[in-house]
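The block underneath contains the structure these notes are about, expressed in structure tokens.
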Amino acid sequence: MSRRLISTGSPFEKTAGYSRAVIDGDFAFVAGTTGYDYATMTMPSDVTSQSRNCFKTIEAALKEGGFAMADIVRATYYLTDARDVDAHFAVCGEVLGDIRPAATMLIVAGLYKPEMKVEIEVTAKRRNP
22 MSRRLISTGS PFEKTAGYSR AVIDGDFAFV AGTTGYDYAT MTMPSDVTSQ
72 SRNCFKTIEA ALKEGGFAMA DIVRATYYLT DARDVDAHFA VCGEVLGDIR
122 PAATMLIVAG LYKPEMKVEI EVTAKRRNP
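For the sequence shown, the residue numbers in the numbering used here are 22 to 150.
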């Protein structure tokens, strides 16, 4: 299987030179994903909504590449405020509670835009049927 690039169609992907996800064989590498609501092109103000939007975008990219959320084996979370960790982890538990990938949480000084509170990147491995 050849390498396949997954795009959301955002012009920023071309400008910044990245893909939402790269499918390479049985692996999917999903880029750092922030909490935009792509239906409304807005950024919610709370970390809970942003985290949910991150996972929606990640799920869509995985699905387009032929993967499921259950295929996620690794997750990295970047939060700009340690006070948001519990709210973010509550969403992680809702979405990944049964999947339980290896995960890392980092508190960072900031993300690309100040309204961004969370960024999530994942790696998935296709399961054998």
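Note that beta-carbon positions come from the ideal geometry of N, C-alpha and C, so glycine has one too.
Small disclaimer: the values here were computed from a predicted structure and weren't measured.
On the premise that residue j lies in contact with residue i, defined as a C-beta separation below 8 Å, what is that separation, rounded to the nearest angstrom?
i, j, result
"residue 87", "residue 42", "Incorrect: roughly 11 Å between the Cβ atoms, too far for contact."
"residue 127", "residue 98", "7 Å"
"residue 138", "residue 71", "5 Å"
"residue 51", "residue 81", "Contact flag wrong, Cβ pair sits at about 10 Å."
Going by Cα to Cα distance, which pick from the options is closest to residue i?
i, options, result
"residue 120", "68, 57, 144 and 131", "144"
"residue 58", "67, 52, 90 and 50", "67"
"residue 101", "60, 49 and 130", "130"
"residue 132", "148, 56 and 106", "56"
Please classify residue i: does DSSP put it in a helix, a strand, or coil?
i, result
"residue 138", "coil"
"residue 114", "helix"
"residue 144", "strand"
"residue 54", "strand"
"residue 49", "strand"
Excluding the 5 residues preceding and the 5 following residue i in the sequence, name in chain order all residues of the same chain whose CB lies nearer than 6 Å to its CB.
i, result
"residue 141", "54, 75 and 98"
Taking only beta-carbon positions, decide if residue i is within less than 9 Å of chain B.
i, result
"residue 94", "The chain inventory of the structure shown lacks chain B, comprising one protein chain alone."
Fully enclosed by the region 62 to 130, which beta strand (DSSP E) runs are 3 residues long or longer?
93 to 100 and 123 to 128
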